[in-house]
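Chains D and E supply the protein sequences, listed in that same order. Here the first sequence is numbered in my numbering, starting from 1 and rising by one per residue. Here the second sequence is numbered in my numbering, starting from 1001 and rising by one per residue. Yeah, the Cβ is synthetic: ideal placement off N, Cα and C, and Gly gets one too.
There are 2 protein chains.
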Amino acid sequence: MGRSGVQPSRAGFFLDDLEVGQEAETSRQVTQADIAAFAAVSGDDNPLHLDRAYAETTPFKGPIAHGMLSAAYISAVLGTKLPGPGAVYVTQSLRFRRPVRAGDQVTTRVTVEAVDEAKALVTLKTVVLVNGKTAVDGEAVVTAPRRPTEAS
Amino acid sequence: MGRSGVQPSRAGFFLDDLEVGQEAETSRQVTQADIAAFAAVSGDDNPLHLDRAYAETTPFKGPIAHGMLSAAYISAVLGTKLPGPGAVYVTQSLRFRRPVRAGDQVTTRVTVEAVDEAKALVTLKTVVLVNGKTAVDGEAVVTAPRRPTEAS
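See the structure below:
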């Protein structure tokens, strides 16, 4: 076992690459088309997301993105960047603090808080920001893949 | 204020309709197309979900759906059935217990656990089942819309 000669075949990190404080983030602009696509795949056609006339009667004064679309962005950072491919969700907590709207530029950031080498578990702080303000925060626990041994 | 003459313009429940023990559920079959659509809208192209050859090398022995796709189904029940349209997420906890695969028939069920009339908050148990076994469980807190007053 060891690092020599073993190249990960993909981006991301093995368990023994991970350290407390490591961060990864993505940034993307949310479009009304993204909101419509999320409504279609989830079945969540709550008019708060899709019906401008209805949404304008709510305290939000207009349509907002599904909260779980932001959660999906968290999943994407965990699954593609840190730990990256092979990461598997164990738990996620989510607190929805501010709405995300079509047109918002959304930054999704995850930060390693703890690594349990024995159990291959990684705890990460997860936050979704719009204009520097927290829209969603929470904590994820995922399993990270172990580095393949040289014999395998 | 009162129930007489006020018809909700949509499905779902107002805060004062809600009681501990009320349940709602949806059932749908997850397809590989759903998984691909979720990957596109989230940006989560983790090969565990999309690359059969890679996924077969993992403990899952094949592709699994994104955990957050199940979470999206929970959001859909909350946003379309119970409480229904106008519901807004405050928090959601998720524990991923078993994988969901393309072809699985997924039942998503939410059950009212507590109603806080003063704060308009509803706490619900949330569970996603495959073949009667829990794939994802957790708890949601949402705000439910108050019934419009007769004067408004």
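Rounded to whole angstroms, what is the Cα-Cα separation between residue i and residue j?
i       : j       : result
E:R1097 : E:T1026 : 19 Å
E:S1004 : E:A1118 : With a pLDDT of only 37 at E:S1004, under the threshold of 50, the placement of this residue in the model should not be trusted, and no figure is reported.
D:L121  : D:V112  : 11 Å
E:P1145 : D:T57   : 11 Å
E:T1107 : D:R109  : 31 Å
D:A65   : D:A87   : 26 Å
E:K1133 : E:I1035 : 20 Å
D:A37   : D:G43   : 10 Å
E:P1063 : D:R28   : 26 Å
D:V6    : D:D116  : In this prediction, D:V6 scores a pLDDT of 40, lower than 50, which makes its location untrustworthy; the coordinate-derived value is nonetheless stated afterwards. Cα-Cα distance, rounded: 22 Å.
D:P99   : D:G138  : 15 Å
E:V1127 : D:S75   : 19 Å
D:L18   : D:K81   : 12 Å
D:L50   : D:T149  : 50 Å
D:G103  : E:V1041 : 15 Å
E:F1060 : D:K125  : 26 Å
E:A1033 : E:Q1105 : 14 Å
Would you please verify whether the beta carbon of residue i is less than 8 Å from any beta carbon of chain A?
i       : result
E:T1091 : Note that chain A does not occur in the displayed structure, where the protein chains are D and E.
Can you find a C-beta in chain D that's less than 8 Å from the C-beta of residue i?
i       : result
E:R1098 : no
E:R1147 : no
E:S1004 : Any reading at E:S1004 needs caution, since the residue's pLDDT is 37, under 50, leaving its predicted position unreliable; the model's value is listed next. Closer than 8 Å: no.
E:L1050 : no
E:D1034 : yes
E:R1101 : no
E:L1094 : yes
E:V1106 : no
Does residue i pass the burial test, meaning 16 or more other C-beta atoms within 10 Å, or should it be called exposed?
i       : result
E:R1052 : exposed
D:T31   : exposed
D:S9    : The pLDDT assigned to D:S9 is 47, lower than 50, so where the model puts this residue is not dependable; a value taken from the coordinates is nonetheless given after this. Exposed, since its Cβ has fewer than 16 Cβ neighbours within 10 Å.
D:F13   : buried
D:A114  : exposed
E:A1011 : exposed
D:A140  : buried
Less than 8 Å separating the beta-carbons of residue i and residue j?
i       : j       : result
E:A1055 : E:L1048 : yes
D:G147  : D:D45   : Per the sequence shown, residue 147 of chain D should be read as Arg rather than Gly. In this structure, D:D45 does not lie closer than 8 Å to D:R147 by Cβ.
E:V1142 : E:P1083 : yes
E:L1094 : D:Q92   : yes
D:V130  : D:A71   : no
If you measure from the CB of residue i, is any heavy atom of the ligand PLP nearer than 7 Å?
i     : result
D:T91 : The ligand PLP is not part of the structure shown, which contains no ligands of any sort.
Any beta carbon from chain E within less than 8 Å of residue i's own beta carbon?
i     : result
D:F14 : no
D:D44 : yes
D:G67 : yes
D:S75 : yes
D:P83 : no
D:G86 : yes
D:G62 : no
By alpha-carbon positions, which one of the options ends up nearest to residue i?
i       : options                        : result
E:G1021 : E:Q1092, E:R1095 and E:T1123   : E:T1123
D:A24   : D:F60, D:Y73 and D:L69         : D:Y73
E:V1090 : D:V90, D:M68, D:G103 and D:Y89 : D:M68
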